[in-house]
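Have a look at the structure below before the remarks.
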């Protein structure tokens, strides 16, 4: 079974580029050039240099002793929370800003939910001296105020999206409208493995540094490059795909994606796409999508701004349909409790997105010799207000 993209931009039944005619030149320019540019020696040398010297890679693969004792397995945390800006998002924005410069673009736009991708985009724009506009749902701006101010300090314009439920889906809509109206000088840095081809493949390649490092680090720590499980939260799915990428063809490795169930899968307030979704078109690709009988997008809900999305990347839809990956749904309450548990067990306050992945450990059955890698995708300082409002600690 092939899990990477085909020549038409599809992963099995999912993917493609379903875009308005006015976006075609932008997307086609990317499709025709991204592989040639990113495979150049000079591009890779600069990319690797910035990952090492600016981002702080490689990030540690930390053996979590007390967590391992709790779950009776060997649990390792891939510390993406220690990246510059506090999450894995910077890996992709470094790659895309270099691509944008190679294409001669002078302006950058982005969408953001939890704000981590927005901060990462504003950061690389400041680094490279490019104009930056970030679209963010008005609700997300209110619950992620520290990240909004970080973006502004870095010089980005943060534009509120006031349509829909004022979250990530709506920010993405606004960013795409902007791109349609500014096709020549602007590059859109999409933050996840979503959108029209080649974005899902491009973002996956930039994030694959995570699993590349995991294999090397596991050899050093265990003598074996492959774990038994890789666990990661999934909104659009970039941190999960980064952690899964180099294990896709190794059937021994169980891939576990963790989605946000919100108040419960059947509550009407959820973002559990694999449980509730069916094939549809969203933001330029065919994927699994929460939608009504007549194809209208169902507004998602999660306490986590980064998982509050009504679909998943087409890569993940393919992994779900082929059963290459398993998907678990975690409620708000389960995630918040897991975030506190990790804080008090390992001294690491996780982003609430990551806390969903931590909560999934309670729903998995491990043998005592199993090696489990959990991608700690982001740190929790951006979520302190949410932890405080929840208050059960």
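Numbering (our numbering), first residue to last: 703 to 1095. For every residue, glycine included, the Cβ atom is placed at its ideal position computed from N, Cα and C. Remember, it's a predicted structure, so these values are computed and weren't measured experimentally.
Asked	Found
Just mark residue 987 as buried or exposed, buried being the case when its beta carbon has 16 or more other beta carbons within 10 Å.	buried
Using 8 Å for Cβ pairs, my map puts residue 897 next to residue 850. What's the rounded Cβ distance?	Actually they do not touch by this definition, with Cβ atoms about 23 Å apart.
Per DSSP, residue 778 forms a beta bridge with which residues?	765, 1075
At the level of alpha carbons, what is the spacing between residue 1027 and residue 957?	5 Å
Counting Cβ pairs, one atom from each stretch, are 3 or more of them under 8 Å apart for the region 735-747 and the region 776-788?	no
Can you find the residues in the same chain that come closer than 7 Å, C-beta to C-beta, to residue 926, ignoring five residues on each side of it along the sequence?	920
Per DSSP, what are the beta-bridge partners of residue 712 in this structure?	717
Could you tell me which residues DSSP pairs with residue 814 in its beta bridges?	838
Can you find the residues in the same chain that come closer than 6 Å, C-beta to C-beta, to residue 918, ignoring five residues on each side of it along the sequence?	none
Enumerate, from N- to C-terminal direction, the unbroken beta strand (DSSP E) stretches of 3 or more residues contained entirely within the region 928-955.	931-935
Say yes only if the C-beta of residue 905 is nearer than 7 Å to one or more non-hydrogen atoms of the ligand ZN, and no if none qualify.	In terms of ligand content, the structure shown is empty, and the ligand ZN therefore cannot be addressed.
Compare the Cα-Cα distances from residue 929 to each of 723, 1076, 781 and report the closest residue.	1076
Considering only DSSP beta bridges, list what residue 889 is partnered with.	810
Looking at the structure shown, is residue 849 part of a helix, part of a strand, or coil, going by DSSP?	helix
By how many angstroms is the C-alpha of residue 923 removed from the C-alpha of residue 982?	43 Å
Taking 7 Å as the limit between beta carbons, can you name the residues of its chain near residue 874, skipping five residues before and five after?	813, 985
I'd like to know if the region 898-911 and the region 850-860 are in contact, where contact means that at least 3 CB-CB pairs between them fall below 8 Å.	no
Out of 879, 714, 776, point me to the one whose CA is closest to residue 1070's CA.	776
Which same chain residues end up closer than 6 Å to residue 762 when comparing Cβ atoms and leaving out the 5 residues on each side of it in sequence?	781
Compare the beta carbon distance of residue 869 and residue 807 with 8 Å and say whether it is the shorter of the two.	no
Give me the DSSP bridge partner(s) of residue 1045.	Looking at the DSSP assignment, residue 1045 forms no beta bridge with any residue, so it has no partner.
Among residues of its own chain, excluding the 5 on either side of residue 999, which ones have a beta-carbon nearer than 6 Å to its beta-carbon?	993, 1012
Here's the rule: buried if 16 or more other CB atoms are within 10 angstroms of the residue's CB, otherwise exposed. What is residue 864?	exposed
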